[in-house]
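Enquirer: I have a structure I would like to understand better, so I am pasting it below and will then ask my questions one at a time.
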Amino acid sequence: MEFVDLLKKRTCIRSYENKPVSDIQMRKLLEAGVRAPNACNNQSWHFYAVCDKSIINKFHPDIAHISWIDNIPLLIVICIDEDIVDILQKKFGERGRMFSYQDTAGAANLILLKAVELGLGGCWIGPMDVEKCKALLPITKNHTPVAILTIGTPAVEMPVRERKNLSDVVTVIGKLPTETSSEFQEVKQKKLFTLAHESLEDAVFEDLNLSNAEFNDINMQGARFGNINMSFTSYRGLTMSEAKFGCIDMAGAEFDGSDLRLAKFKNASFENVKITDCKLDGMTIDGINVKDMMTKIK
């Protein structure tokens with residue numbers, strides 16, 4: 046789903062099918078929540094995920110007005126951590142408490158967006174009886190409830206809600222280049238291509254220019270390379286056990302701290318190669334033991 050579609054599809058869902066939310070779905074929702082931006086990365090939130098139906102039913106009407114309580118499979122109470130609020134207030138004064146509310150709002154928003162991505166829906170509830178909520182749940186003394194999210198499978202498809210025009214709610218200060226301007230086109234041409242968190246099993250890459258590219262945390266087990274120019278590349282933290290190379294030009298290459306045990310080289314050029322402070326036990330060249338040969342020479 047494109048991000049813009051995700052944004053438009055997210056709306057308050059107050060009617061759910063009688064279907065459960067799985068433990069994996071719940072975990073994904075909460076993992077999304079904790080990725081929210083927050084003040085100084087203090088993460089001043091705590092989440093109480095309620096999936097006990099008998100407890101969920103007790104929220105309406107005493108704690109909050111949740112008239113659609115019947116088919117809610119998951120209810121999340123978002124709290125601020127007063128211990129972290131104290132830390133923020135020492136840094137920023139009274140604004141520190143406001144920052145903690147902003148933290149939880151960001152977390153709630155990401156949870157609701159993730160719910161849409163998972164085929165679920167949710168509703169954000171602000172008004173509640175905080176003391177009754179703390180009495181019902183095992184909420185610790187330093188946690189203060191600030192929001193409730195109800196989560197479930199939407200019973201009906203909700204229409205896209207209209208929003209005000211940007212001109213009604215946005216004041217632009219200054220001026221940016223238009224997309225057709227030469228200034229913008231120059232920046233656009235320099236835009237970096239990023240591919241992350243993808244599974245590309247059995248992928249084929251052909252006729253690519255990857256100069257100055259970076260590869261990090263890549264699993265290339267069983268990969269094959271042919272006609273590759275990798276001059277001046279650098280490698281660190283590589284596992285290349287049982288790798289095979291053929292017709293490789295590695296002129297000017299440097300190896301530092303590399304484990305080449307049991308490696309085999311055939312029809313290779315080692316002109317002007319320098320080997321310094323390396324273990325050579327068992328290494329042979331055309332059947333001749335290199336270490337023995339060096340001992341005789343010395």
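For any residue, its number in the working numbering is found by taking its place in the sequence shown, counting from 1, and adding 45. Glycine residues also receive a C-beta, built at the ideal position from the N, C-alpha and C atoms. This one's a predicted model, so the numbers in the text were calculated from it and none came from an experiment.
(1) Check Ala-200 in the structure and name its three-state DSSP category.
(2) Rounding to the nearest angstrom, what Cα-Cα distance links Thr-223 and Phe-229 in this structure?
(3) What separation, rounded to the nearest whole angstrom, lies between the Cα atoms of Val-66 and Lys-311?
(4) Taking 8 Å as the limit between beta carbons, can you name the residues of its chain near Asn-154, skipping five residues before and five after?
(5) Quick one: is Lys-159 buried, meaning 16 or more other Cβ sit within 10 Å of its Cβ, or exposed?
(6) Is the distance from the Cβ of Thr-195 to the Cβ of Gly-164 below 8 Å?
(7) So, Asp-126 versus His-91, is the Cβ gap smaller than 8 Å?
(8) Could you tell me which residues DSSP puts in a beta bridge with Ser-91?
(9) In the DSSP assignment, the beta strand (DSSP E) including Gly-166 goes from what residue to what residue?
(10) With the cut-off set at 8 Å, would you say Leu-157 and Trp-169 are in Cβ contact?
(11) What do you get for Cys-323, buried or exposed, if any count of 16 or more other CB atoms within 10 angstroms of its CB means buried?
(12) Starting from the Cα of Ser-244, find the closest Cα among Ala-258, Asn-264, Ile-108 and give me that residue.
(13) I need the boundaries of the alpha helix (DSSP H) containing Asn-187, first residue and last residue.
(14) Check for me: the alpha helix (DSSP H) holding Gly-78 runs from which residue to which?
(15) Is the distance from the Cβ of Ile-108 to the Cβ of Tyr-61 below 8 Å?
(16) Do Met-203 and Pro-190 count as a contact pair if the criterion is CB distance below 8 Å?
(17) If you follow the alpha helix (DSSP H) that Ile-101 is in, where does it begin and where does it stop?
(18) What is the rounded straight-line gap between the Cα of Lys-136 and the Cα of Leu-120?
(19) Would you identify the three-state DSSP class for Cys-323, choosing helix, strand or coil?
(20) Relative to the C-alpha of Val-161, which candidate in His-110, Asp-68, Ile-320, Glu-47 has its C-alpha closest?
(21) For Pro-106 and Trp-113, I'd like the C-alpha separation in whole angstroms.
(22) Compute the Euclidean distance between the alpha carbons of Gln-134 and Ala-192, then round it to the nearest angstrom.
(23) Less than 8 Å between the beta carbons of Val-130 and Ser-145, yes or no?
(24) Please confirm whether Gly-219 and Ile-58 have their CB atoms less than 8 Å apart.
(25) Do you know how far the Cα of Arg-269 is from the Cα of Gly-327?
(26) Based on Cα-Cα distance, which residue from Arg-206, Glu-176, Lys-98 lies nearest to Asp-50?
(27) Among Ala-298, Ile-184, Leu-325, which one has its Cα closest to the Cα of Tyr-93?
(28) Suppose you measure from the CA of Lys-103 to the CA of Thr-216; what does that come to, to the nearest Å?
(29) Using a Cβ-Cβ distance cut-off of 8 Å, determine whether Ala-308 contacts chain B.
(30) Would you report the Cα separation of Asp-252 and Val-95, rounded to the nearest angstrom?
Expert: Reading from the atomic positions:
(1) coil
(2) 7 Å
(3) 58 Å
(4) Ala-81
(5) buried
(6) no
(7) yes
(8) First, the amino acid is wrong: residue 91 is His here, not Ser. DSSP lists Cys-124 as partners of His-91.
(9) 166 to 170
(10) yes
(11) exposed
(12) Asn-264
(13) Neither: Asn-187 is in no alpha helix (DSSP H) and is coded neither H nor E.
(14) 68 to 78
(15) no
(16) no
(17) 98 to 101
(18) 33 Å
(19) coil
(20) Glu-47
(21) 11 Å
(22) 21 Å
(23) yes
(24) no
(25) 28 Å
(26) Arg-206
(27) Ile-184
(28) 45 Å
(29) The structure shown contains no chain B; it holds only a single protein chain.
(30) 53 Å
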